[in-house]
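Note that the sequence shown covers residues 821 to 1003 in the numbering used here. We treat Cβ as the ideally placed atom computed from N, Cα and C, and that holds for glycine. For reference, the structure is listed below as structure tokens.
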Amino acid sequence: EEALEENWYKPPGEPASPQADVFAAGVIFYQLLTGSLPEWKRGLLQPGEAFADIPQHLRTVIKAMLCLESNVRVQTFEEVKKCLHMVESEADEKTKTKIQKKAPQPRRRSPLRSVALATAFLLLLGVNGVIYMWIFMNKGADHPSMANIMQSLGLRAGDNRTKGSTQNEEEFVMQKVEKTKPN
């Protein structure tokens, strides 16, 4: 135990080797992820509370790197790399990083479009009013209630003059012309 306290990054009783470097990297990973150095009791790693917050697949790899027995420990960094890649492909959706796309910018509408829509609406409203008045003036006499309304306004069916207009003004009156076929 005294040897471990002297050098945390060197496995006890082992000379410098690539396998010892794997152990040292395991200590560094543990320290980076938990904020403390690993502890062993009776040759077994005793993980702290912060170690439990690490995803399971990383805990498994780190424990394999920190085995005190050299024949059980991960032998090379290639094995560590393979373990990390295998775990990465099997990771839960919860642990994967999800990239969110930016929301599209709302398109600005041209003021010219608004003016065009307003003009089209007013034109449609005007044409509708002209058609309605033509029907009202020419077909109104056919209905007694319409004839009474027109008379109260001072209008006659088929006449486009309003009350107070003079006889000298020229007026255009639309009249329906029926064509008959010669026999």
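query: Residues bridged to W860 (per DSSP); result: L865
query: Presumed contact (8 Å Cβ cut-off) between L865 and P858, rounded CB distance; result: 6 Å
query: Beta-carbon contacts of Q925 that lie in its chain and below 6 Å, excluding the five residues immediately before and after; result: none
query: Pairwise C-alpha distance: R927 and M885; result: 55 Å
query: Buried versus exposed, by CB contacts within 10 Å (16 or more), I951; result: exposed
query: Among L888, C887, E889, V881, the one whose alpha carbon lies nearest that of E898; result: V881
query: Rounded separation between K861 and V894 - CA only; result: 20 Å
query: Span separating the alpha-carbon of A844 from that of P835; result: 12 Å
query: DSSP-derived helix/strand/coil call for E899; result: helix
query: Burial state of V900 (16 or more Cβ within 10 Å); result: buried
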